[in-house]
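Asks:
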Amino acid sequence: MPGSPYPQSEIGKIVDRAVAEGDADRALRWAQELKQVGLHRALALTLVLGRQDDVRYPRAASRFLLRLIAEVEPSLLNLKKIVDALDVVGRVRLMPDVTEGANAALEDLGRQLREREEGLQR
1220 MPGSPYPQSE
1230 IGKIVDRAVA
1240 EGDADRALRW
1250 AQELKQVGLH
1260 RALALTLVLG
1270 RQDDVRYPRA
1280 ASRFLLRLIA
1290 EVEPSLLNLK
1300 KIVDALDVVG
1310 RVRLMPDVTE
1320 GANAALEDLG
1330 RQLREREEGL
1340 QR
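Below, the structure written as structure tokens:
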């Protein structure tokens, strides 16, 4: 994997596929090969850790929030909603019924971030 011969677009697809399959370790290994991990992909990686109750989740969630604040500058109200949703995802075992709504909200945020990043690349 280090110095992968794959183009960045293919590596991104590999990361996305690993996330979709719930394979956090494979997704994170391949993500290291990306020159830049977009916010939408950083959120997806964070969520796959949270859904698996991975010990790396709190740090990943904090790093995602710091990037979100720096790059998007969300309102405090929106930031609070995102923090609350990330907190719920991190408590999968404690609140399984509530997790569904938080996941849906964060997946919607991921779509918005992906669309934003695609718009910036044009």
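Heads up: the sequence shown at position 89 corresponds to 1308 in the working numbering, and the numbers run straight through without jumps. Every residue, glycine too, gets a C-beta built ideally from N, C-alpha and C.
With a CB to CB cut of under 8 Å and the five nearest residues on each side skipped, what residues in its chain are close to F1283?
Replies: If we look at F1283 and ignore the five residues flanking it on each side, its Cβ neighbours are L1258, A1261, L1262, T1265, L1305.
Asks: Excluding five sequence neighbours on each side, which residues of the same chain lie with their C-beta closer than 6 Å to the C-beta of Y1276?
Replies: The residues are L1268, G1269, G1309.
Asks: Which first and last residues belong to the alpha helix (DSSP H) in which R1310 is found?
Replies: Segment: none, R1310 is in no alpha helix (DSSP H) and carries neither H nor E.
Asks: To the nearest angstrom, how far is the alpha carbon of P1226 from that of V1317?
Replies: C-alpha separation (whole angstroms): 39 Å.
Asks: According to the neighbour-count rule (16 or more other Cβ atoms, all chains shown, within 10 Å of its Cβ), is V1274 buried or exposed?
Replies: V1274 should be labelled exposed.
Asks: Can you tell me where the alpha helix (DSSP H) with Q1227 in it begins and where it stops?
Replies: Taken as a continuous stretch (DSSP letters only), the alpha helix (DSSP H) holding Q1227 covers 1227 to 1239.
Asks: Can you grab the Cα-Cα spacing for the pair V1307 / A1321, in whole Å?
Replies: Distance between the alpha carbons of V1307 and A1321: 7 Å.
Asks: Going by DSSP in three states, V1256 sits in which element: helix, strand or coil?
Replies: Reduced to three states, the DSSP call for V1256 is coil.
Asks: From R1278 to V1256, what distance separates their C-alpha atoms?
Replies: Approximately 16 Å between the Cα atoms of the pair.
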